[in-house]
Each structure stands twice: as structure tokens, then as C-alpha cells.
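Visitor:
In our numbering, the protein residues as written are 2 to 173.
1. Compute the distance between the beta-carbons of residue 18 and residue 99, then report whether it is under 8 Å.
2. Would you call the stretch 79-98 and the stretch 112-128 in contact, with 3 or more CB pairs under 8 Å?
3. Starting from the Cα of residue 141, find the closest Cα among 106, 37, 46 and 127 and give me that residue.
4. When burial is assigned at 16 or more other CB atoms within 10 Å of the CB, is residue 68 buried or exposed?
5. Considering just the uninterrupted stretch of the alpha helix (DSSP H) at residue 146, what are its terminal residues?
6. Can the beta-carbon of residue 32 be found closer than 8 Å to that of residue 60?
7. Starting from the Cα of residue 16, find the closest Cα among 34, 55 and 148 and give me that residue.
8. Compute the distance between the beta-carbons of residue 14 and residue 107, then report whether it is under 8 Å.
9. Starting from residue 19, trace the beta strand (DSSP E) both ways and give me its first and last residue.
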């Protein structure tokens, strides 16, 4: 029996979804762009904010804040389902794209939020894909720097002050 998902009103979540067997099916630029397009559609369909994200070769990270009556599970079900169907249709294949359920946890406080922002920003650096987080064009920092608001939302008021490293990286 699986553990029930913890859902709280007005909470921020660190969400991670992995590909089937951790295969590098998200590795190509084209696939990442396709995934971002599905996420942009989901944002128009459901009410939620993405405060940070990173798309890696075999997994994705988000900091998501559902608004009002929006449901995190429904949002992720739609993103993962629509993306998998689209990917499979393009590649003329069948079967699972994602490796099971998505992982989520409530971000407990500002310290947790700060740590998670850094963890997500540094993911492509630790994987030796870029030298600096701002160089990863499939991450929230790059999108915020370039003004791409279709995916990542503006920093909530005051959060840029509480996360100075993130905002300093925007200026470099």
C-alpha cells in the first residue's frame, strides 16, 4: 500500500518526476522543449505557479504552488499523461514514459525553500552540463533571467530579498 500524498492549502511543493527506468529520454533539446510546451499548457489549464524548475536528462524538478482549489496531483497527472501520450505518438512507440508516481514534499519553511531553490539551480552544474546555473536554458533561473514567464513565475514579493543568491545570479 502506497503512502498517501500530503497536500496542504497554500503550500509550496518540491516535485520530482523520473523517467521509466531512469532512462535518458528527456536528454534531447527537442524533448525538453516539448515538455516545456506541455507545462505551459498546464499552466493555462490549471491554476498554479512554478517558482523554480530544472529539466534534466532523466528527471524533472519543480517548486510548484497550486492556487486556491487547484490540486497538485491533478496538475502532475495532466502534465505527465499529456506529455507521455505526445512523446509516444511522435516517436511511434507505446508504453510507460514515466517511472511511477511523482515525488512531492511540502516545503516546510523559508530555509527549506531556500535550500530547495539552490538544489534545483545546482542540478545541471552537479551533472557537469553547465558551469553556472544561469547557463542552463531548461531551468527557472535562465527563464527568469530571459523574462520567459510562460513557465516560471515572477519571484513572489520579498522572496528575492530572502533568496539573494538566486537574484544575484540573475545579474551576473
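Note that the Cβ used here is the ideal one computed from N, Cα and C, for glycine as well. Being a predicted model, the structure only gives us computed values, none of them experimental.
Guide: In brief:
1. yes
2. no
3. 37
4. exposed
5. 141-146
6. no
7. 55
8. yes
9. 14-19
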